[in-house]
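When we follow this note's numbering, the leftmost residue of the sequence shown carries the number 165, and every step to the right adds one. First the structure, in the form of C-alpha coordinates, and then the observations on it.
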Amino acid sequence: MSPNLPLMNYTDILQDKLLHLPITQTGNSFRESLKKALTVYLEAVKTLPDNLSLNVEELGPIDGTFIKNVQQKFIAGLVKTIEIYHEGKPANAFSKLSDTMNNELKDFTQILKIKTYPADDSFFRMRIQKGNKLLSSREMFHIPFELRGRVATQRFSIPRFPCLYLGRTLYGYWEEMNHPDINEFQVVRLKNIQSIKYLDLTLELN
(Lines of atoms letter the chains of each structure in order from A and count residues from 1; the text may use other names and numbers.)
(Lines give C-alpha, C1' and ligand atoms only; values in the text may rest on other atoms or scores of the structure.)
Protein backbone atom coordinates (compact mmCIF):
# COMPACT_ATOMS: atom_id res chain seq x y z
CA MET A 1 0.00 0.00 0.00
CA SER A 2 1.30 3.43 -0.93
CA PRO A 3 2.49 5.49 2.06
CA ASN A 4 1.01 8.59 0.41
CA LEU A 5 -2.54 7.28 0.16
CA PRO A 6 -4.20 4.93 2.67
CA LEU A 7 -6.44 2.13 1.51
CA MET A 8 -9.53 3.83 2.97
CA ASN A 9 -9.45 6.51 0.26
CA TYR A 10 -10.53 4.00 -2.38
CA THR A 11 -12.92 2.39 0.10
CA ASP A 12 -14.54 5.78 0.63
CA ILE A 13 -15.34 5.93 -3.09
CA LEU A 14 -16.92 2.48 -2.98
CA GLN A 15 -18.98 3.43 0.07
CA ASP A 16 -20.03 6.83 -1.23
CA LYS A 17 -23.76 7.47 -1.64
CA LEU A 18 -23.31 7.77 -5.42
CA LEU A 19 -23.09 3.97 -5.48
CA HIS A 20 -26.02 3.31 -3.14
CA LEU A 21 -28.85 1.34 -4.70
CA PRO A 22 -31.51 1.79 -5.80
CA ILE A 23 -30.67 4.86 -7.91
CA THR A 24 -33.57 7.33 -8.12
CA GLN A 25 -34.25 8.86 -11.51
CA THR A 26 -34.74 12.61 -11.38
CA GLY A 27 -36.41 13.58 -14.62
CA ASN A 28 -33.86 11.83 -16.84
CA SER A 29 -34.35 8.58 -18.70
CA PHE A 30 -33.00 5.32 -17.32
CA ARG A 31 -30.07 5.42 -19.72
CA GLU A 32 -29.14 8.97 -18.82
CA SER A 33 -29.51 8.36 -15.07
CA LEU A 34 -27.32 5.26 -15.21
CA LYS A 35 -24.74 6.89 -17.46
CA LYS A 36 -24.55 9.89 -15.13
CA ALA A 37 -24.03 7.70 -12.05
CA LEU A 38 -21.32 5.66 -13.76
CA THR A 39 -19.59 8.79 -15.07
CA VAL A 40 -19.52 10.38 -11.60
CA TYR A 41 -18.01 7.19 -10.18
CA LEU A 42 -15.40 7.00 -12.94
CA GLU A 43 -14.41 10.63 -12.45
CA ALA A 44 -13.93 9.93 -8.73
CA VAL A 45 -11.68 6.97 -9.54
CA LYS A 46 -9.62 9.11 -11.92
CA THR A 47 -8.79 11.51 -9.08
CA LEU A 48 -6.86 8.79 -7.25
CA PRO A 49 -3.07 8.99 -7.68
CA ASP A 50 -1.43 6.62 -10.18
CA ASN A 51 0.92 5.34 -7.52
CA LEU A 52 -2.00 3.97 -5.49
CA SER A 53 -1.40 0.36 -4.51
CA LEU A 54 -4.12 -1.73 -2.90
CA ASN A 55 -3.23 -4.88 -1.00
CA VAL A 56 -6.06 -7.32 -1.55
CA GLU A 57 -6.01 -10.64 0.26
CA GLU A 58 -5.01 -13.55 -2.00
CA LEU A 59 -4.26 -11.13 -4.88
CA GLY A 60 -1.39 -9.08 -3.54
CA PRO A 61 -0.81 -5.40 -4.38
CA ILE A 62 -2.86 -3.91 -7.24
CA ASP A 63 -1.41 -0.98 -9.18
CA GLY A 64 -3.50 2.22 -9.23
CA THR A 65 -3.11 2.73 -12.98
CA PHE A 66 -4.39 -0.81 -13.56
CA ILE A 67 -7.44 -0.09 -11.39
CA LYS A 68 -8.27 3.01 -13.45
CA ASN A 69 -7.88 1.16 -16.76
CA VAL A 70 -10.06 -1.73 -15.59
CA GLN A 71 -12.82 0.58 -14.33
CA GLN A 72 -12.79 2.72 -17.46
CA LYS A 73 -13.04 -0.30 -19.78
CA PHE A 74 -15.73 -1.91 -17.63
CA ILE A 75 -17.94 1.19 -17.47
CA ALA A 76 -17.56 1.88 -21.18
CA GLY A 77 -18.74 -1.69 -21.81
CA LEU A 78 -21.76 -1.28 -19.52
CA VAL A 79 -22.82 1.95 -21.22
CA LYS A 80 -22.45 0.35 -24.66
CA THR A 81 -24.47 -2.67 -23.51
CA ILE A 82 -27.37 -0.45 -22.44
CA GLU A 83 -27.25 1.45 -25.75
CA ILE A 84 -27.35 -1.76 -27.78
CA TYR A 85 -30.19 -3.15 -25.66
CA HIS A 86 -32.31 -0.03 -26.17
CA GLU A 87 -31.70 -0.28 -29.90
CA GLY A 88 -33.77 -3.47 -29.75
CA LYS A 89 -30.86 -5.92 -30.03
CA PRO A 90 -30.99 -7.95 -26.80
CA ALA A 91 -28.84 -10.80 -28.18
CA ASN A 92 -26.09 -8.36 -29.20
CA ALA A 93 -26.40 -6.61 -25.84
CA PHE A 94 -25.93 -9.93 -24.02
CA SER A 95 -22.83 -10.64 -26.12
CA LYS A 96 -21.40 -7.20 -25.32
CA LEU A 97 -22.13 -7.65 -21.61
CA SER A 98 -20.43 -11.05 -21.66
CA ASP A 99 -17.33 -9.53 -23.28
CA THR A 100 -17.40 -6.69 -20.75
CA MET A 101 -17.66 -9.00 -17.76
CA ASN A 102 -14.72 -11.12 -18.93
CA ASN A 103 -12.23 -9.01 -20.88
CA GLU A 104 -8.47 -9.05 -21.34
CA LEU A 105 -7.96 -6.91 -18.23
CA LYS A 106 -10.29 -8.47 -15.69
CA ASP A 107 -12.76 -11.33 -15.21
CA PHE A 108 -15.79 -9.92 -13.35
CA THR A 109 -17.96 -13.02 -13.72
CA GLN A 110 -16.76 -14.28 -10.34
CA ILE A 111 -18.73 -11.53 -8.58
CA LEU A 112 -22.03 -12.49 -10.23
CA LYS A 113 -24.61 -14.43 -8.26
CA ILE A 114 -25.58 -17.01 -10.88
CA LYS A 115 -28.22 -19.42 -9.59
CA THR A 116 -30.40 -22.13 -11.11
CA TYR A 117 -34.09 -22.95 -11.02
CA PRO A 118 -34.50 -26.74 -11.39
CA ALA A 119 -36.89 -28.19 -13.95
CA ASP A 120 -40.58 -28.38 -12.97
CA ASP A 121 -40.35 -25.39 -10.66
CA SER A 122 -43.41 -23.18 -10.15
CA PHE A 123 -43.86 -19.58 -11.28
CA PHE A 124 -46.92 -17.32 -11.26
CA ARG A 125 -48.36 -14.77 -13.62
CA MET A 126 -51.03 -12.31 -12.43
CA ARG A 127 -53.20 -9.90 -14.41
CA ILE A 128 -55.78 -7.39 -13.31
CA GLN A 129 -59.18 -8.30 -14.71
CA LYS A 130 -62.39 -6.79 -13.37
CA GLY A 131 -65.64 -8.55 -14.11
CA ASN A 132 -66.45 -12.18 -14.84
CA LYS A 133 -64.53 -12.64 -18.10
CA LEU A 134 -62.08 -15.53 -17.84
CA LEU A 135 -58.78 -14.69 -19.52
CA SER A 136 -57.42 -17.24 -21.98
CA SER A 137 -53.95 -18.78 -21.67
CA ARG A 138 -52.82 -16.49 -24.52
CA GLU A 139 -54.09 -13.43 -22.66
CA MET A 140 -52.28 -14.52 -19.52
CA PHE A 141 -48.98 -14.64 -21.38
CA HIS A 142 -46.97 -11.57 -22.40
CA ILE A 143 -48.33 -9.03 -24.90
CA PRO A 144 -48.41 -10.64 -28.38
CA PHE A 145 -45.63 -9.55 -30.72
CA GLU A 146 -48.18 -8.22 -33.21
CA LEU A 147 -49.22 -5.76 -30.47
CA ARG A 148 -45.66 -4.91 -29.42
CA GLY A 149 -46.34 -1.23 -30.13
CA ARG A 150 -48.14 -1.12 -26.76
CA VAL A 151 -45.04 -2.18 -24.83
CA ALA A 152 -43.40 0.63 -22.88
CA THR A 153 -40.16 0.66 -20.90
CA GLN A 154 -40.57 -1.36 -17.72
CA ARG A 155 -38.16 -2.79 -15.15
CA PHE A 156 -36.43 -5.21 -17.53
CA SER A 157 -38.12 -4.51 -20.85
CA ILE A 158 -37.49 -2.13 -23.71
CA PRO A 159 -40.11 -0.36 -25.86
CA ARG A 160 -41.85 -2.63 -28.38
CA PHE A 161 -40.22 -5.83 -27.09
CA PRO A 162 -42.64 -7.91 -24.94
CA CYS A 163 -41.26 -9.54 -21.79
CA LEU A 164 -42.84 -12.18 -19.59
CA TYR A 165 -42.82 -11.16 -15.92
CA LEU A 166 -43.28 -14.00 -13.45
CA GLY A 167 -43.40 -14.21 -9.66
CA ARG A 168 -42.07 -16.94 -7.39
CA THR A 169 -45.00 -16.66 -4.97
CA LEU A 170 -48.59 -15.48 -5.20
CA TYR A 171 -48.09 -13.17 -2.25
CA GLY A 172 -45.01 -11.60 -3.81
CA TYR A 173 -46.86 -10.97 -7.06
CA TRP A 174 -49.83 -9.53 -5.16
CA GLU A 175 -47.43 -7.11 -3.42
CA GLU A 176 -45.89 -6.23 -6.79
CA MET A 177 -49.35 -5.43 -8.19
CA ASN A 178 -50.15 -3.00 -5.34
CA HIS A 179 -52.53 -5.23 -3.36
CA PRO A 180 -55.46 -5.59 -5.82
CA ASP A 181 -58.79 -6.84 -4.52
CA ILE A 182 -59.09 -10.62 -4.68
CA ASN A 183 -62.03 -10.26 -7.10
CA GLU A 184 -60.08 -8.10 -9.55
CA PHE A 185 -57.19 -10.30 -10.70
CA GLN A 186 -56.54 -13.68 -12.28
CA VAL A 187 -53.52 -15.94 -11.84
CA VAL A 188 -51.92 -18.84 -13.70
CA ARG A 189 -49.12 -21.15 -12.65
CA LEU A 190 -46.36 -21.99 -15.10
CA LYS A 191 -43.61 -24.64 -14.92
CA ASN A 192 -40.26 -24.69 -16.68
CA ILE A 193 -39.53 -27.89 -18.61
CA GLN A 194 -35.77 -27.56 -18.14
CA SER A 195 -33.45 -25.91 -15.63
CA ILE A 196 -33.01 -22.14 -15.94
CA LYS A 197 -29.91 -20.18 -14.96
CA TYR A 198 -30.57 -16.67 -13.71
CA LEU A 199 -28.73 -13.66 -12.33
CA ASP A 200 -29.72 -12.89 -8.74
CA LEU A 201 -29.98 -9.10 -8.38
CA THR A 202 -31.28 -9.05 -4.82
CA LEU A 203 -29.44 -6.89 -2.29
CA GLU A 204 -27.78 -8.48 0.70
CA LEU A 205 -28.71 -6.27 3.64
CA ASN A 206 -26.51 -6.37 6.71
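Glycine included, C-beta positions come from ideal geometry on N, C-alpha and C.
| task | Report yes if the C-beta of R353 is less than 7 Å from at least one heavy atom of the ligand NAD; otherwise report no. | result | With respect to small molecules bound, the structure shown includes none, and the ligand NAD cannot be examined in it.
* Do K277 and D364 have their C-beta atoms within less than 8 Å of each other? -> yes
Query - Where Q236 sits in the DSSP three-state scheme - result: Residue state, collapsed to three classes: helix.
Report the CB separation of L328 from F288 in whole angstroms; it is logged as a contact under 8 Å. 12 Å between Cβ atoms; not a contact.
- Message: Can you tell me whether F194 is helix, strand or coil according to DSSP?
- Response: Note: F194 maps to helix in three-state DSSP.
For D176, which residues of its own chain have a beta-carbon under 6 Å away from its beta-carbon, when the five flanking residues on both sides are left out? none
DSSP three-state label for T203, please. helix
Note to self: Only counting the same chain, and skipping five residues up and downstream in sequence, which positions put a Cβ closer than 6 Å to that of L349?
What the structure shows: One point to set straight first is that residue 349 is Phe, not Leu, in the sequence displayed. Excluding residues within five positions, the ones whose Cβ falls inside 6 Å are M290, I292.
Through-space distance from F325 to I307, alpha-carbon basis: 9 Å
Discussion item. Please report the distance separating the alpha-carbon of S286 from that of G331.
Written reply: 9 Å
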